[in-house]
Every structure is written in C-alpha cells, then in structure tokens.
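S.K.: Residues 5 to 171 in our numbering are what the sequence shown spells out, letter by letter. Cβ coordinates follow ideal geometry from the N, Cα and C atoms, glycine included. Please read through the structure below; I'll follow up with questions.
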Amino acid sequence: MAAQIVASDGKGVLEDCTVRNMELVKTNIRNCTLHDVTLRDCQVFNSKLYDCKDLDSTISSSQFFNTKPREDCLQQSESNQPKPTTTSAFRKLPTELRELIFEQCLNLENQRIPALLAAVRGDTCLYEEAIDIFYKLNPFPLTYVTLQRCRELSDSAVSKIWTIHIE
Numbered sequence: 005m006a007a008q009i010v011a012s013d014g015k016g017v018l019e020d021c022t023v024r025n026m027e028l029v030k031t032n033i034r035n036c037t038l039h040d041v042t043l044r045d046c047q048v049f050n051s052k053l054y055d056c057k058d059l060d061s062t063i064s065s066s067q068f069f070n071t072k073p074r075e076d077c078l079q080q081s082e083s084n085q086p087k088p089t090t091t092s093a094f095r096k097l098p099t100e101l102r103e104l105i106f107e108q109c110l111n112l113e114n115q116r117i118p119a120l121l122a123a124v125r126g127d128t129c130l131y132e133e134a135i136d137i138f139y140k141l142n143p144f145p146l147t148y149v150t151l152q153r154c155r156e157l158s159d160s161a162v163s164k165i166w167t168i169h170i171e
C-alpha cells in the first residue's frame, strides 16, 4: 500500500471521491469509488469497491467488482441489500490490451452500434472505457435530427465527442 489514512477519533469522513492504492482505518466512506484499497474498521455506504480487501468493516448499499467482502461485514437492509457483482474474464485483461481490443472492435459499421459496446453496457467501468474509445474513433454525425437531440445529451456525453461530421 502506498499510503495509510487513520482516523483514530472515528470522525474521519471520505465523501464523493475516488481513492486508489491506500489503507483506510476507522473512516466513514460515503458515495466513493475505491480501487485497490484495504479497509480496516471502516463504515462504507453507497460506494463502488474495485479490487479491495475488507478487514472488519461494515459495508452497505455498495457494489463490488473483483472484491469479496466477508459475509459478516455486509449490513442487511430490507429495501437495498448489497449484491456482489461478478467479474468477467475480459476485465481481468490488462487495461492496455482491453484498449487495443476496443480500438479494433468499436468502429461504426453500417451505422449500427458495435456488438462489443452493447455487450459491456452492463459493466460500468468497461462501458466507460469502451465509450471513450468509441467516441474517439467515430465522428459524431451532425444533421438536423442529431442537432435537435444534442439538447438531450448530458454534458459528460458531449465532452466525449472528439470529431464532428457535418452532413
């Protein structure tokens, strides 16, 4: 681990952030994305955990990716019980290799969405990787119809468009 955050008074709070390669001790974590983090005596709520190690923490309403929390750490909730997410074999490939595959498979053909893009839509991280490359490789066609639909696009979607093709 590169660093360690310890909140011995129990008042340490991380909220709406991304944490990578760290050990967190006695910290309250809300609405965060954790990558390769070790948790010790933490309270985790509504977060995404990627490749994390859980040692005696309470986790509720969170999603797990390549992370296996201890069963006794999962806090049960009547309306929103956390469900571990399985990891695909594709996700286990190095990022650089996945990017090469995306570059080969995400070119628009016949104005149809590539099958690989549709296939990874269920995995948020893979989909983000794929959609970034998709927009870099393919020009956005600007017609009267698409111009009207641009108002419906989120700022995030618009920011990913690299090339515009005016028809």
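1) Taking buried to mean at least 16 other C-beta atoms within 10 Å of its own C-beta, is A161 buried or exposed?
2) Considering just the uninterrupted stretch of the beta strand (DSSP E) at R34, what are its terminal residues?
3) State the DSSP-derived secondary structure class of I105, mapped to helix, strand or coil.
4) Rounded to a whole number of angstroms, what is the C-alpha to C-alpha distance between P88 and S66?
5) Considering T37, what are the terminal residues of the alpha helix (DSSP H) in which it resides?
6) Starting from S64, follow the beta strand (DSSP E) in both directions and report where the run begins and ends.
M.R.: This is what the structure gives:
1) Along the sequence shown, read from residue 1 onward, the residue named residue 161 stands at position 157. Around the beta carbon of A161, a 10 Å sphere encloses fewer than 16 other beta carbons of the protein chains shown; the residue is thus reported as exposed.
2) Position 30 of the sequence shown, counting from 1, holds the residue named residue 34. DSSP places R34 in the uninterrupted beta strand (DSSP E) bounded by 31-34.
3) As a first step, residue 105 must be located in the sequence shown, where it is residue number 101. Of the three classes helix, strand and coil, the one that applies to I105 here is helix, per DSSP.
4) Along the sequence shown, one-based indexing puts residue 88 at 84. Along the sequence shown, one-based indexing puts residue 66 at 62. Any reading at P88 is ruled out, since the residue's pLDDT is 41, under 50, leaving its predicted position unreliable.
5) For the purposes of this step, residue 37 is identified with residue 33 of the sequence shown, where counting begins at 1. Taken as a continuous stretch (DSSP letters only), T37 belongs to no alpha helix (DSSP H), being part of the beta strand (DSSP E) at 37-44.
6) Here residue 64 corresponds to residue number 60 of the sequence shown, with the count starting at 1. Per DSSP, S64 belongs to the beta strand (DSSP E) from 62-64.
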